[in-house]
Amino acid sequence: MYKAPRGTTDILPADQPYWRYVQTKAAKISQRFGYSRIDTPVFEDANLYVRSVGEGTDIVEKETYTFKDKGGDMISLRPEGTAGVCRAYVEHGMVSLPQPVRLAYMESFFRYERPQAGRFRQFHQFGVEAIGDADASIDAEVIDLGWRFIQDLGLGNMTLVLNSIGDKECRPVYLKALRGHYAANLGRVCPDCKMRFEKNLLRVLDCKRTDFACQEVINDAPKATEHLCAPCKEHWEQLNSYINALGIPMVINHNLVRGLDYYTRSVFEIQPQEEGAQSTILAGGRYDGLIEELGGKPTPGVGFATGIERIILNLKRQNISVESPRTYKVMIAHLGKAADLEAVALASELRKAGVSAAVASGGKSLKAQMRQMSALETPTAIIIGDNELAQKSVVVRDMTKATQQTIPMADIVSFIKNL
Ligand SMILES: [Zn+2]
Ligand SMILES: [Zn+2]
Numbered sequence: 005m006y007k008a009p010r011g012t013t014d015i016l017p018a019d020q021p022y023w024r025y026v027q028t029k030a031a032k033i034s035q036r037f038g039y040s041r042i043d044t045p046v047f048e049d050a051n052l053y054v055r056s057v058g059e060g061t062d063i064v065e066k067e068t069y070t071f072k073d074k075g076g077d078m079i080s081l082r083p084e085g086t087a088g089v090c091r092a093y094v095e096h097g098m099v100s101l102p103q104p105v106r107l108a109y110m111e112s113f114f115r116y117e118r119p120q121a122g123r124f125r126q127f128h129q130f131g132v133e134a135i136g137d138a139d140a141s142i143d144a145e146v147i148d149l150g151w152r153f154i155q156d157l158g159l160g161n162m163t164l165v166l167n168s169i170g171d172k173e174c175r176p177v178y179l180k181a182l183r184g185h186y187a188a189n190l191g192r193v194c195p196d197c198k199m200r201f202e203k204n205l206l207r208v209l210d211c212k213r214t215d216f217a218c219q220e221v222i223n224d225a226p227k228a229t230e231h232l233c234a235p236c237k238e239h240w241e242q243l244n245s246y247i248n249a250l251g252i253p254m255v256i257n258h259n260l261v262r263g264l265d266y267y268t269r270s271v272f273e274i275q276p277q278e279e280g281a282q283s284t285i286l287a288g289g290r291y292d293g294l295i296e297e298l299g300g301k302p303t304p305g306v307g308f309a310t311g312i313e314r315i316i317l318n319l320k321r322q323n324i325s326v327e328s329p330r331t332y333k334v335m336i337a338h339l340g341k342a343a344d345l346e347a348v349a350l351a352s353e354l355r356k357a358g359v360s361a362a363v364a365s366g367g368k369s370l371k372a373q374m375r376q377m378s379a380l381e382t383p384t385a386i387i388i389g390d391n392e393l394a395q396k397s398v399v400v401r402d403m404t405k406a407t408q409q410t411i412p413m414a415d416i417v418s419f420i421k422n423l
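Be aware that the sequence shown starts at 5, since it is given in this note's numbering, and climbs by one per residue.
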């Protein structure tokens, strides 16, 4: 017996209404904010992610599916969306378009992680990128888009968490202060933090472990927003005023750093209030150095991504109803060989006229056929038997009201269409 690989799932018909609901809301909000759809390849040159996401990150070191293809090229299945979109921006000369270029994507991504609730090895994200404008109002626009998306889905009890991690001018100053603090406390923190201290210092603030003194050391750590250079400070203060003006409930968290190297200045997440960072449903930030890192002219950018599986998990938890699966509008029950032929022909006529129709499974009693219709929640039944054939008519039964009437065969298609 084969099973779907660990960390992957089949999206069965019963779950499809949730997917259609989320995808429709994502497409509508993108359109309303003027973000155009972009699709990039499922795999890219492995180096794209080393250069962008970063060499010391968990994503590149442990989680990306990387392999040599038959031609000897190193390939990675995309672990996230921003790098590919920025690569496309540079490759297709989008710098010559009016800036910022506003792009949206909805794709599957791949990370070799330990599967848990809402986390898969193949997962899906809706994300947006606004590339080519450094102004804090664009950060606010992207955050507003993300916030509105979550609101439009009907999800409640969410909080926006915000931080600024500076840029290439002031980050080194901050990292020096952070390094000093951790050097003095290195004996107290977990092995992971010791490794991050060497390889990817900022990520020490991400540590969730409570079996060492990590949380205490994090609480006493110097704060990035207190080390910002003048332009970064101005950007941070502007963003705060915009978010206040938008009326989005916001919490500043000095330990929010995000697991990718390319972020500069603003980083943000939207989290369910009761569960916090473990179940973040939307995350993003500014990445002003990324395009240059990928070989383009220095170009600022900001964006977010949101996990569709996690959103659906929250929709279910919050009992948000989505449109239920479509059932047949009409099914045709039939008794006898002649009626069987008539039923097949009539179902075809109805479908040609745009009506969702099917013939009830044959070879069973009328009762069994009616039971099948009830199980499928079919609202209307057409019944054809010998009597009806002789009179060139059919019986139409309203399955919810349990009422029925006889309709001439010649009028049946237009009668059903007008129901
Ligand atoms: Zn730790
Ligand atoms: Zn700065």
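Each residue gets a CB set at the ideal place from its N, CA and C atoms; glycine is no exception.
- Residue nearest to serine 112 within the set Arg36, Thr12, Asp344 is Thr12 (criterion: CA-CA distance).
- Using a Cβ distance threshold of 7 Å, isoleucine 252 and tryptophan 151 count as a contacting pair.
- The C-beta separation of serine 80 from threonine 61 comes to about 13 Å, leaving the pair out of contact by the 8 Å criterion.
- Collapsing the DSSP output to three states places phenylalanine 124 in coil.
- Put simply, the backbone Cα of lysine 198 is about 12 Å away from that of alanine 188.
- For glycine 289, the enclosing beta strand (DSSP E) has its first and last residue at 286 to 290.
- In the DSSP assignment, leucine 179 is bridged to no other residue.
- In the pairwise beta carbon analysis, the region 280 to 296 is classified as not touching the region 320 to 333: fewer than three pairs are separated by under 8 Å.
- Using a Cβ distance threshold of 7 Å, cysteine 194 and cysteine 174 do not count as a contacting pair.
- Within the region 336 to 379, the complete alpha helix (DSSP H) runs of at least 4 residues fall at 341 to 356, 370 to 379.
- With respect to the 7 Å criterion, alanine 228 and glycine 170 are classified as neighbours on the basis of their beta carbons.
- When the five nearest sequence neighbours on each side are left out, the beta carbons in the same chain lying within less than 8 Å of the beta carbon of isoleucine 142 are those of Pro104, Ala134, Val306, in order along the chain.
- When only Cα atoms are considered, valine 417 and tyrosine 25 end up about 31 Å apart.
- Tyrosine 332 and valine 363 have their C-alpha atoms some 10 Å from each other.
- Take the alpha-carbon of glutamate 381 and the one of isoleucine 295: they are about 53 Å apart.
- CA-CA distance, aspartate 77 to alanine 50, rounds to 9 Å.
- When secondary structure is reduced to three states using DSSP, asparagine 167 falls in the strand class.
- Between the beta-carbon of leucine 339 and that of glycine 389 there is about 4 Å, and that keeps the pair under the 8 Å contact cut.
- In the DSSP assignment, isoleucine 386 falls within the unbroken beta strand (DSSP E) covering 384 to 388.
- Note: glutamine 409 is bridge-paired with Val400 in the DSSP secondary-structure output.
- Of the residues assessed, lysine 66 falls on the exposed side of the cut-off, its CB having fewer than 16 other CB atoms within 10 angstroms.
- Short note on glutamate 173: C-beta closer than 6 Å to some heavy atom of ligand 2.
- Within the same chain, Cβ atoms closer than 7 Å to the Cβ of proline 21 are found at Val326, Glu327, Ser328, Pro329, the five residues on either side in sequence being excluded.
- Per the C-alpha coordinates, the member of Tyr6, Tyr39, Leu164 positioned closest to phenylalanine 272 is Leu164.
- Check the Cα spacing between glycine 85 and each of Leu16, Leu149, Thr310, Gln409: the tightest is with Thr310.
- Chain order is used for the residues whose beta-carbon lies nearer than 7 Å to a heavy atom of ligand 1, namely Val193, Cys194, Asp196, Cys197, Val208, Cys211, Arg213, Phe216, Cys218.
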